[in-house]
Ligand SMILES: [Zn+2]
Ligand SMILES: [Zn+2]
């Protein structure tokens with residue numbers, strides 16, 4: 157780390173070590189690269205934990221469009237600040253910090269001014285993105301040993317927080333927290349969560365803590381006991397949706413595969429909302445026929461992607477205050493391919509988190 161700190165102080169580019177895929181069919185291998193020099197409002201973090209998100213797999217395999225290679229994925233990052241730029245005010249060396257899906261935005265547009273940086277026209281994603289604020293250099297994510305990021309795109313993490321659990325909150329947490337807030341979920345609201353994987357579980361935990369009555373839709377009953385233990389009222393299997401009697405204020409779809417969206421829209425009460433956060437691969441992308449929306453009448457459909465930085469900090473504080481964390485399994489970076497395999501074949505029980513310190517690069 158001393159080498160990185162010296163580079164940061166001297167204004168040089170920061171060298172980094174990570175794991176990358178060379179193309180969409182490649183396995184992960186160690187990869188050395190550089191990050192831009194520490195700007196006056198940037199922090200340099202030593203990465204301690206990096207979560208593996210399903211979208212990492214889609215990106216690494218170019219399932220959402222051609223990726224930028226070599227690609228170092230990872231947008232669920234927790235670590236320790238080891239150097240700060242001269243005008244940084246939020247962090248000092250030794251603080252813990254978290255970084256999610258974005259590392260920069262224009263800061264000037266309506267979206268940015270409202271702290272909806274995720275809707276800026278120039279959002280810079282943490283990896284697989286050309287950084288127009290740094291000469292168009294590609295961004296590299298958290299499967300690596302350091303990160304340079306604007307302090308505005310890092311959240312503060314208290315010293316006693318479990319960093320391995322904080323990391324996945326920065327994508328899975330905010331992705332589900334944000335629509336629950338946008339749809340004003342509160343005590344007595346009826347919320348359905350479609351898909352009960354990593355994202356679905358987080359949506360359930362937040363909705364319950366916000367006082368909602370929560371129901372789960374899943375492919376089978378395998379996780380029914382897990383759901384009931386959390387406090388879910390019932391788990392319905394997706395082959396019997398037409399038999400569901402409940403009518404919902406909000407249904408959040410975290411489903412990452414093919415499905416029929418209108419099956420869920422029909423389960424909404426008057427004025428109810430169907431929010432999509434899960435992103436299936438392009439070739440099986442669900443479609444909605446607009447005539448079916450007309451006949452569904454006064455039901456809203458919207459999408460949501462992560463959340464703004466102010467809300468991300470709020471989500472983290474809320475999660476820590478209420479002990480809401482994803483279930484995680486710690487691995488080393490050498491096991492990323494294995495983790496991807498388990499995630500794509502549905503064999504992963506928990507969210508994989510890479511222990512960067514224990515990994516060899
Ligand atoms: Zn993610
Ligand atoms: Zn902007």
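Residue numbers (our numbering): 157 to 517. Backbone N, C-alpha and C define an ideal beta-carbon position, used for all residues, glycine too.
Contact test: residue i Cβ vs ligand 2 heavy atom, cutoff 6 Å
i, result
"residue 262", "yes"
"residue 209", "no"
"residue 285", "no"
"residue 270", "no"
"residue 257", "no"
"residue 265", "yes"
"residue 288", "no"
"residue 431", "no"
Buried or exposed (CB count within 10 angstroms, at least 16 for buried), residue i
i, result
"residue 384", "exposed"
"residue 240", "buried"
"residue 274", "buried"
"residue 288", "exposed"
"residue 258", "buried"
"residue 157", "exposed"
"residue 282", "buried"
"residue 332", "buried"
"residue 339", "buried"
"residue 454", "exposed"
"residue 179", "exposed"
"residue 465", "buried"
"residue 296", "buried"
"residue 519", "With the chain covering only 157 through 517, there is no way to say anything about residue 519."
"residue 429", "buried"
Cβ of residue i within 7 Å of any chain D Cβ
i, result
"residue 320", "Note that chain D does not occur in the displayed structure, where there is just one protein chain."
Residues that residue i bridges to, as DSSP identifies them
i, result
"residue 388", "Looking at the DSSP assignment, residue 388 forms no beta bridge with any residue, so it has no partner."
"residue 200", "239 and 304"
"residue 429", "406 and 456"
"residue 260", "280"
"residue 526", "This structure leaves residue 526 out entirely; the chain is present only between 157 and 517."
"residue 170", "191"
"residue 227", "177"
"residue 252", "236 and 313"
Residue i: CB within 6 Å of a non-hydrogen atom of ligand 1
i, result
"residue 327", "yes"
Q. Which residue spans inside the segment 282 to 353 form an unbroken alpha helix (DSSP H) run of at least 4?
A. Entirely contained in the segment 282 to 353, the alpha helix (DSSP H) runs reaching 4 residues are, in chain order, 319 to 324 and 330 to 338.
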